[in-house]
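For the sequence shown, the residue numbers in this note's numbering are 42 to 233. Where is the CB? At the ideal position from N, CA and C, for every residue including glycine. Everything numeric in this text was worked out from a predicted model, so none of it was measured.
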Amino acid sequence: MDELKKRIREEGIVIDSDILKVDQFLNHQIDPVLMQHVGEAFAEAFVQSSITKVLTIESSGIAPALMTGLKLGVPVLFARKKKPLTLNTSILTTQVYSYTKKVHNSIFLEKAMINSEDRVLIIDDFLANGEAAMGLVRLIEMAGASVEGIGIVIEKSFQEGRSKLDRAGYAVYSLARISSLADHQVTFIDND
Ligand code: G4P
Ligand code: NA
Ligand code: NA
42 MDELKKRIRE EGIVIDSDIL KVDQFLNHQI DPVLMQHVGE AFAEAFVQSS ITKVLTIESS
102 GIAPALMTGL KLGVPVLFAR KKKPLTLNTS ILTTQVYSYT KKVHNSIFLE KAMINSEDRV
162 LIIDDFLANG EAAMGLVRLI EMAGASVEGI GIVIEKSFQE GRSKLDRAGY AVYSLARISS
222 LADHQVTFID ND
C-alpha cells in the first residue's frame, strides 16, 4: 500500500534496528483517512472470504479493525488485556508471551461474542513475533469459529511472526512489509 509506505518513510522514526515508531498516524495520534484506506485495502483482500466478524486486540489494533469492519459490514470485536469486572460470565482466555517484556499476559473475550458459525478476520497494527496474532487464533479456535485470514498494517518481516503464521497455514496479508530497520533506515521488502 503506497500511501502507507509513504507515511512510514516520511513520519516513521526508527528507534533501533527492531522498533519503528509511528505515533503520528497509528499508535498515538490516528489519521482517520489513512485508516479508512487501510480498512478498504483489508476489505478488498478478504471480500471473497465471507467474513462475519473482525477480531483485534486493544488498543492500537482497534482503529484499523474498525475501518475494516465498516467496509465489510460486520462487527468488530477486540480482545481485552485486563479482565473487566463486568466480564465475569463465560470467558475465553489464553496467555500471550511478550518478547519485549519477557512476561506472559492473559487476553480475554466474552464467549457470547463469538460462535462456531463465525468466519473471523484478525487485524492488528504490527506483526513482530506473532505472539498476539497466535493468541487471537487460539481464542477463535476455542470458540469453534474459523480463522479466515490475518490482516497486518505493518509487518516486520525480519522477525519471526510472518514465517510462524505462514507455517501454521494462515492467509496473511500485510499492507507494508519491512525487511530491515538497520542503520536508521526503513527498507521495504519490495524495495520501492
Ligand atoms: P514482541 O512480541 O515483539 O516482543 O512484542 P509484543 O507482541 O509484546 O508487543 C508489544 C507491543 O509492541 C504491542 O503493542 C505491539 O503491537 C507493539 N510493537 C511491536 N513491534 C513494534 C514496532 O516496531 N513499533 C511499534 N510502534 N510497536 C510495536 P501493545 O503493547 O499491544 O500496545 P497497543 O499499542 O496495542 O496498545
Ligand atoms: Na502497539
Ligand atoms: Na497491536
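Proximity of residue i and residue j at Cβ, strictly below 8 Å
i    : j    : result
E99  : F119 : yes
L162 : E189 : yes
S198 : I219 : yes
I71  : K62  : no
Residue i: first and last residue of the uninterrupted beta strand (DSSP E) it sits in
i    : result
S58  : No beta strand (DSSP E) contains S58, which DSSP labels as neither H nor E.
Y72  : Looking at the sequence provided, one finds Asp at residue 72 rather than Tyr. Looking at the DSSP string, D72 is not in any beta strand (DSSP E), and its letter there is neither H nor E.
T141 : T141 -> no beta strand (DSSP E), and no H or E assigned at all.
I92  : Unbroken run through I92: none, as it is neither H nor E.
Residue i - DSSP class collapsed to helix/strand/coil
i    : result
T109 : helix
G192 : strand
D165 : strand
V117 : strand
F229 : strand
L216 : strand
L222 : coil
L133 : strand
Residue range of the unbroken alpha helix (DSSP H) whose run includes residue i
i    : result
K205 : 202 to 208
I181 : 172 to 183
Neighbourhood of residue i by C-beta, 6 Å cutoff - its chain only, sequence neighbours within 5 removed
i    : result
S131 : K152
Neighbourhood of residue i by C-beta, 8 Å cutoff - its chain only, sequence neighbours within 5 removed
i    : result
T304 : Missing from the structure shown is residue 304; the chain here goes from 42 to 233 and no further.
Lining residues of ligand 3 - beta-carbon closer than 5 Å to any non-hydrogen atom, in sequence order: Ordered along the chain, the selected set is S101, G102, D165, D166.
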